[in-house]
Amino acid sequence: MQTININGEDRQVDAPPDMPLLWVLRDRVGLMGTKFGCGIAQCGACTVQLDGVAARSCVTPMAAVGSRKITTIEAIGATPAGSKVQKAWLELDVVQCGYCQSGQIMSAAALIAANPNPSDADIDAAMAGNICRCGTYTRIRAAIKHAVKER
Amino acid sequence: MQREPVEAARAALVHEQAEQGVTRRHFLKLGVVFGAAAGGGLLVGVTLPARGQVTAQGPSGAVAADVQVPAASGEFVPNGFIRIDRSGQVFLTMPKVEMGQGIQTAIPMLIAEELEVPLDQVKIEHAPPDGEVYRDPLLLNEHMTGGSSSIRFAWEPMRRAGAAGRVLLINAAAARWNVDPAACHADAGFVLHPASGRKLGYGELVEAAATLPVPPGLEKTVVLKQPADFKLIGKPHRRLDSTSKTNGTAQFGLDVRLPGMVYAAVVHSPVIGGKVVKVDDTHARKVPGVRQVVQLDNAVAVIGDHSWAARRGASALVIEWNNGDHARVSTKLLAADLDQAAQRDGVVARKKGNVEQGFRNAASKVDAVYRQPFLAHATMEPMNCTVHVTPGRVELWVGTQVPARTIDTAVRITGLPRDKITLHNFLIGGGFGRRLETDCTGQAIRIGQQVGAPVKVMWTREEDMQHDLYRPCYYDHISAALDANGKPVAWTHRIVGSSIVARFFGTSAMKNGLDFDAIEVAADLPYDIPNQFIDYVRLEPRNVPTTFWRGVGPTRGAMVVESFIDELAVNAKVDPVEYRRSLLGKSPRALNVLNVAAKAAGWGTPLPQGQGRGVSVLHAWNSYFSMVAHVTVINGEVRVNRLVCVVDCGHTVNPMTIAAQFEGGAIFGITAVLYSEITIEGGRVQQSNFTDYPMVRINEAPQIQVIIVDSTEAPGGMGEPGTAVTGPALLNAIYAATGKRIRQLPVGRQLQTP
Numbered sequence: 001m002q003t004i005n006i007n008g009e010d011r012q013v014d015a016p017p018d019m020p021l022l023w024v025l026r027d028r029v030g031l032m033g034t035k036f037g038c039g040i041a042q043c044g045a046c047t048v049q050l051d052g053v054a055a056r057s058c059v060t061p062m063a064a065v066g067s068r069k070i071t072t073i074e075a076i077g078a079t080p081a082g083s084k085v086q087k088a089w090l091e092l093d094v095v096q097c098g099y100c101q102s103g104q105i106m107s108a109a110a111l112i113a114a115n116p117n118p119s120d121a122d123i124d125a126a127m128a129g130n131i132c133r134c135g136t137y138t139r140i141r142a143a144i145k146h147a148v149k150e151r
Numbered sequence: 152m153q154r155e156p157v158e159a160a161r162a163a164l165v166h167e168q169a170e171q172g173v174t175r176r177h178f179l180k181l182g183v184v185f186g187a188a189a190g191g192g193l194l195v196g197v198t199l200p201a202r203g204q205v206t207a208q209g210p211s212g213a214v215a216a217d218v219q220v221p222a223a224s225g226e227f228v229p230n231g232f233i234r235i236d237r238s239g240q241v242f243l244t245m246p247k248v249e250m251g252q253g254i255q256t257a258i259p260m261l262i263a264e265e266l267e268v269p270l271d272q273v274k275i276e277h278a279p280p281d282g283e284v285y286r287d288p289l290l291l292n293e294h295m296t297g298g299s300s301s302i303r304f305a306w307e308p309m310r311r312a313g314a315a316g317r318v319l320l321i322n323a324a325a326a327r328w329n330v331d332p333a334a335c336h337a338d339a340g341f342v343l344h345p346a347s348g349r350k351l352g353y354g355e356l357v358e359a360a361a362t363l364p365v366p367p368g369l370e371k372t373v374v375l376k377q378p379a380d381f382k383l384i385g386k387p388h389r390r391l392d393s394t395s396k397t398n399g400t401a402q403f404g405l406d407v408r409l410p411g412m413v414y415a416a417v418v419h420s421p422v423i424g425g426k427v428v429k430v431d432d433t434h435a436r437k438v439p440g441v442r443q444v445v446q447l448d449n450a451v452a453v454i455g456d457h458s459w460a461a462r463r464g465a466s467a468l469v470i471e472w473n474n475g476d477h478a479r480v481s482t483k484l485l486a487a488d489l490d491q492a493a494q495r496d497g498v499v500a501r502k503k504g505n506v507e508q509g510f511r512n513a514a515s516k517v518d519a520v521y522r523q524p525f526l527a528h529a530t531m532e533p534m535n536c537t538v539h540v541t542p543g544r545v546e547l548w549v550g551t552q553v554p555a556r557t558i559d560t561a562v563r564i565t566g567l568p569r570d571k572i573t574l575h576n577f578l579i580g581g582g583f584g585r586r587l588e589t590d591c592t593g594q595a596i597r598i599g600q601q602v603g604a605p606v607k608v609m610w611t612r613e614e615d616m617q618h619d620l621y622r623p624c625y626y627d628h629i630s631a632a633l634d635a636n637g638k639p640v641a642w643t644h645r646i647v648g649s650s651i652v653a654r655f656f657g658t659s660a661m662k663n664g665l666d667f668d669a670i671e672v673a674a675d676l677p678y679d680i681p682n683q684f685i686d687y688v689r690l691e692p693r694n695v696p697t698t699f700w701r702g703v704g705p706t707r708g709a710m711v712v713e714s715f716i717d718e719l720a721v722n723a724k725v726d727p728v729e730y731r732r733s734l735l736g737k738s739p740r741a742l743n744v745l746n747v748a749a750k751a752a753g754w755g756t757p758l759p760q761g762q763g764r765g766v767s768v769l770h771a772w773n774s775y776f777s778m779v780a781h782v783t784v785i786n787g788e789v790r791v792n793r794l795v796c797v798v799d800c801g802h803t804v805n806p807m808t809i810a811a812q813f814e815g816g817a818i819f820g821i822t823a824v825l826y827s828e829i830t831i832e833g834g835r836v837q838q839s840n841f842t843d844y845p846m847v848r849i850n851e852a853p854q855i856q857v858i859i860v861d862s863t864e865a866p867g868g869m870g871e872p873g874t875a876v877t878g879p880a881l882l883n884a885i886y887a888a889t890g891k892r893i894r895q896l897p898v899g900r901q902l903q904t905p
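Protein sequence lines, in the order shown, are assigned to chains A and B. Residue 117 in the working numbering sits at position 117 of the first sequence; the count goes up by one each step and never skips. Residue 424 in the working numbering sits at position 273 of the second sequence; the count goes up by one each step and never skips.
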C-alpha cells in the first residue's frame, strides 16, 4: 500500500511501484476521466497535473509520483485556470467525440495557470503533445485565448 | 462506473424485458417521402412503435444505455423516439450513436422543434439494438451510424415523431378542458389555451395522452412546421454533450467498471492471418496480479487484476505462431497485384456516349495513375469491449456504430437467442468506420467464455493499429481525350481495389459485381463531359482486412478526379477555377460553391515563392462542397496555412455542428494526405503507434474558414465531406507551390530533394 494525494485527498492504493499512474487512477481508484490513448506519451489523452504541471500519466510510474499532488480532470474545475478552460470549451463548442478532451483541458489549464497570456507559439508548445483525431485544434486554440480573457 | 443498487435493479429489469421481447408491441406505419435520400422521391415506409398504454418501463425491451435512468410508471410513449414521464421530463431515444459528429444534438433539435420542448431539458438515451424503427433505409435498412447518413435519415421522421407527440398532448389537454384542439397550441413543454388563459405541463398530460385514441391517419395529417417558423432548426446550437466531455464524467466503452471485473490484454498474431501453435506462459503467470491465460485461434489473452498486470503478463508470453504463407504478403506484392488487376476489364460503373470515338477524334490526351495506401482509423479510444458471459446469457458494454450487428455477433458465437444478449452502448471515442466492425467484440466474447467474471478487453495502441481493418489501397487510372482548347470530350476511369461493400453488406448488395461505394464521385461527376466510361475491378488485398474509413469511396474518388481535373487545367494552361467553371454548367450548386470559395479565398491574388493555392469541388452525400487550400512548401515540408471551405448541404439543422464537422474532417484529411500510410512487410503491419503513424497536431493546424451557403434543399451528409474535399485541394495547392504533382499518397518525403 502506498499513499498518494489525488485531487486533494490522501488515498491508500494497492499498486506495484512500476504501475503507471494512469492505471492506478483508472483501475484502482476508479477515476475514469483520465484516458488511455497510446501508452508512450505521444498523444496526451492521459494528461494529469503533478503539482500543477502537466504530466503524461501513462508513463509516470507509481514510484515516481512521490509526494506530488495529483490533479485529474474530475477536480480541475475547482482551480481558477481549470474552471476558465472548461467554460471556454463550452462557450466555443470545442468537443467532438470528447475522448481526448480531458487531456487537452489538463494541458490547457496547466498552460494558462503558468502563463496568463500565452502567444500562439506558447499554445503550440504546450498543446502539441495532445492529439485530437477529430481535429478540434482551431477551436482549442480559440478557447485557450478566450479562457485567458475571462476574469 | 461502479454499479449502484439502482443500476443492478435496472439490469434485472432489462433482463426481464428482454425475455418478454419487444414484438408484442404494436407499430404504426408512417409513409415518409425521402426525396434527398433516394435521389428522387422514393417512398420509404418508416414504422414507429405505436404509442400505447402507460408503460412500466421505457419504450423498448432491451434498452440499457448508460445514460438511461430507471423508468418510472406512468409515462407517455408516443413512439420509439419520445418518452415523457409524470414530472414532464422528456427522454429522447437516439437511433444514431454519438461519436463526435453532434448527431445527439441535431436529432434532439429535430424532435424538440416539433414536440415543442426546450432542448436543454431533454435527456438522451441510446436506442435498443433490435428496434425496427431505428433502422436506416440509407444504410441498407440496418440500425447503424455511418456514411454521413444520419441527418438525411432523421430529417423527416424525427420531425414527424415530435409532431405526433405534440398533437396527442394537445388533444389530451383539449379533452380535459373540453375545448377544440385547434384552439390550443404547445410551447416549451406546455399546452396552452389562449382563449381561457389555461395551460398544462406535459407531465400533467402524460396519462391522458397515453390513453386517448390515436386520431386516424395521424401520420398523414400531422402538419410539420414551415421553415420560417423554425425555432431550433437551422440556428446554431451548442452541443448537448459538452459538459460531460469537459469534466471527465462522459462515459466511453472503456470507462465501464463492474464489480468483480478483471482485465484482459491481448497479443494478436503479428502476421495477419497467423494462428497460435503453442503458448509458453510460465513467465506470464508469475507476474503479480495475473490470473489466467486464455488461448484463442489467432491471439492469446492474459487476464489480470488490472490493466497493468494483464499487459505485463502479455509481454512475458512466449508464443509460437503458424503463419502459413501469409508472411509473404507485403506492400510491394499488393501493389503488383493492383497493377496486374488494372489490366483486366472491370464491371461497368458508368457508360455515357462513345469514348472510343472521343479518343479517336481527340486533339490530345492526358493520362494519369494514382495510388492510395492502406489507412488505419487510429481512433483515440483504442478498441475495447467489456463482456460478462454467464450460462445462457451475454452482457456487453461497448461503444458501437452497429448495435444490431453486435447482437448478431454474440448470437453467432454463443448460439444463444437474441433476447439473451444485452448490449449497453456508449459514447464512442472516435468511430470513422472502425466501430462498424465487431471483431473486437467477438474476440471479447470468446475470451469471456473462458473467464468466469466480467472482463474488460482492451487493445493497446499497437494492437489497435496493427489489427485494424484498413481503408483499402487503391489504383486509379484516368485518361481524358481533349479538344483543341484542352477541354475533355471523353473520359475513362478504371478503379481497382477491395470491395468493402461485398464483405460488409454481402455480395447481394453488389449490383452485377459493382461496389456502389467504390465508384462514388467517379461515376457521378459534376462536370459536363459528353463521353464517359468508368469501370471497377475488384481486387482483394489477399488476407488484409478492409473496411469503411471516413468517406471511403468519395474520399478516394475526389482525390483522383479533382487531381486529374487540375492536371487537365494545367495542360490547357487555364486557371484551375476557370477550367472547372467551364465544365460545371449543368451543376449549378457545384458551380455556386466553387465561386463562393474562390472569392472568399482571394483566388488569383499573387502569392510569394513557395506558396500555392489549390481548389477542389465535391458532390457527394447529397451535398456540395468546394475548398481552396493555401500551402507553403519549404525544404519539401508542407505547411497548410489556410483552408476556405464552402458547404451547400441543403437545409441546415445545426450550423455549429456543420462547421465543426468540416473543420475536423479537414484536419483528418490533412493527416491522411501528408502522413498516413499503413505498410506491410513479412505479413506484418509495420506501423505501431503515433510515432510512425503520425497525426496532425495543433502546431500544424491551419486557419479554417467554413462558409455555409443558404439552401432550401433537403439536407445532405456532413460527417465525411470535410475529409474528402481537403485531400485534392491540398495536392493541387502543393502543385501550385512546387510544380510537383503527387500521384501516390501520402505526400511524405516526396517533395524533399535527396
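Every residue, glycine too, gets a C-beta built ideally from N, C-alpha and C.
CA nearest to the CA of residue i, picked from the options
i                : options                                       : result
glycine 212(A)   : Ile140(A), Arg139(A), Ala114(A) and Pro20(A)  : The shown model of chain A, from 1 to 151, leaves out residue 212(A), and the question about it has no answer.
aspartate 548(B) : Gln683(B), Leu319(B), Arg612(B) and Gly404(B) : Checking the sequence, you will find tryptophan at residue 548(B) rather than aspartate. Nearest C-alpha to tryptophan 548(B): Gly404(B).
arginine 563(B)  : Thr537(B), Gln594(B) and Leu734(B)            : Gln594(B)
threonine 40(A)  : Pro866(B), Pro897(B), Gly566(B) and Asn840(B) : Rather than threonine, the amino acid found at residue 40(A) in this sequence is isoleucine. Checked all of Pro866(B), Pro897(B), Gly566(B) and Asn840(B); the closest Cα to isoleucine 40(A) is Asn840(B).
arginine 793(B)  : Ile785(B), Glu814(B) and Asn773(B)            : Glu814(B)
leucine 633(B)   : Gly425(B), Ile785(B), Phe510(B) and Lys502(B) : Phe510(B)
alanine 108(A)   : Ala128(A), Arg11(A), Val24(A) and Tyr99(A)    : Ala128(A)
Extent of the continuous beta strand (DSSP E) to which residue i belongs
i                 : result
histidine 277(B)  : 273-277
alanine 880(B)    : From DSSP, alanine 880(B) is part of no beta strand (DSSP E) but of the alpha helix (DSSP H) over 872-889.
valine 548(B)     : It is worth fixing the name first, because residue 548(B) is tryptophan in this sequence and not valine. Element bounds for tryptophan 548(B): 544-549.
histidine 575(B)  : 572-576
arginine 894(B)   : First-last for arginine 894(B): undefined, no H or E at that position.
isoleucine 233(B) : 233-235
lysine 503(B)     : 498-503
glutamine 762(B)  : 762-771
Closer than 8 angstroms to chain A by CB, residue i
i                 : result
lysine 247(B)     : no
valine 218(B)     : Reliability fails at valine 218(B), whose pLDDT of 29 lies under 50, so the model's placement of it is uncertain and no value is given.
methionine 710(B) : no
alanine 887(B)    : no
glycine 581(B)    : yes
glycine 368(B)    : no
tryptophan 459(B) : yes
valine 184(B)     : The predicted position of valine 184(B) is uncertain, since its pLDDT is 25 and thus under 50; a value taken from the coordinates is nonetheless stated next. So no, valine 184(B) is outside the interface.
glycine 533(B)    : Note that residue 533(B) is proline in the sequence shown, not glycine. Yes, proline 533(B) counts as interfacial toward chain A.
Residue range of the unbroken alpha helix (DSSP H) whose run includes residue i
i                : result
histidine 344(B) : Segment 341-344 is the beta strand (DSSP E) holding histidine 344(B); no alpha helix (DSSP H) there.
arginine 793(B)  : Element bounds for arginine 793(B): not the alpha helix (DSSP H) but the beta strand (DSSP E), 788-799.
lysine 145(A)    : 137-149
histidine 457(B) : First-last for histidine 457(B): undefined, no H or E at that position.
proline 705(B)   : 703-723
CB contact check: residue i to chain B, cutoff 8 angstroms
i               : result
valine 13(A)    : no
cysteine 46(A)  : no
valine 29(A)    : no
threonine 79(A) : no
isoleucine 4(A) : no
Counterpart residues of residue i in DSSP-defined beta bridges
i              : result
serine 630(B)  : Asp518(B) and Thr643(B)
lysine 607(B)  : Tyr414(B) and Thr537(B)
valine 427(B)  : Trp472(B)
glycine 352(B) : Phe341(B)
lysine 662(B)  : Leu665(B)
lysine 69(A)   : Asn5(A)
| Proximal residues, the segment 58-77 of chain A versus chain D, C-beta separation under 9 angstroms | Of the protein chains in this structure, namely A and B, none is chain D.
| message | Using 8 angstroms as the cut-off, can you tell me whether the segment 44-56 of chain A makes contact with the segment 620-637 of chain B, which would need three or more C-beta pairs spanning the two stretches below that distance? | response | No, because fewer than three Cβ pairs between the segment 44-56 of chain A and the segment 620-637 of chain B fall closer than 8 angstroms, the two stretches do not touch.
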